[in-house]
């Protein structure tokens, strides 16, 4: 039982860390690059929208990896 809980905690930690990294990879260039920052401010997109799109893509990639990569196919 403790082993199963520990595996669940490890998976959720790495999954959360991966989602955080995906969100940061997408949003940090918008915040630190002056030209991208100006272009982003002029656009109609919200930072939250871009973050949600990045997380959905990360979930999709993780799902594909779990389906194809982890099974050895």
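In the working numbering, the protein residues as written are 51 to 123.
From the three backbone atoms N, C-alpha and C, an ideal C-beta is built for every residue, glycine too.
Fair warning: this is a prediction, and the values are worked out from it, not measured in the lab.
Check: Length-filtered (4 minimum) alpha helix (DSSP H) runs lying within the segment 53-81; Outcome: none
Check: Buried versus exposed, by CB contacts within 10 Å (16 or more), residue 72; Outcome: buried
Check: Proximal residues to residue 86 (C-beta, below 8 Å), its chain only, five neighbours per side dropped; Outcome: 79, 80
Check: Cβ-Cβ distance between residue 108 and residue 68 below 8 Å; Outcome: yes
Check: Residue 94 - DSSP class collapsed to helix/strand/coil; Outcome: coil
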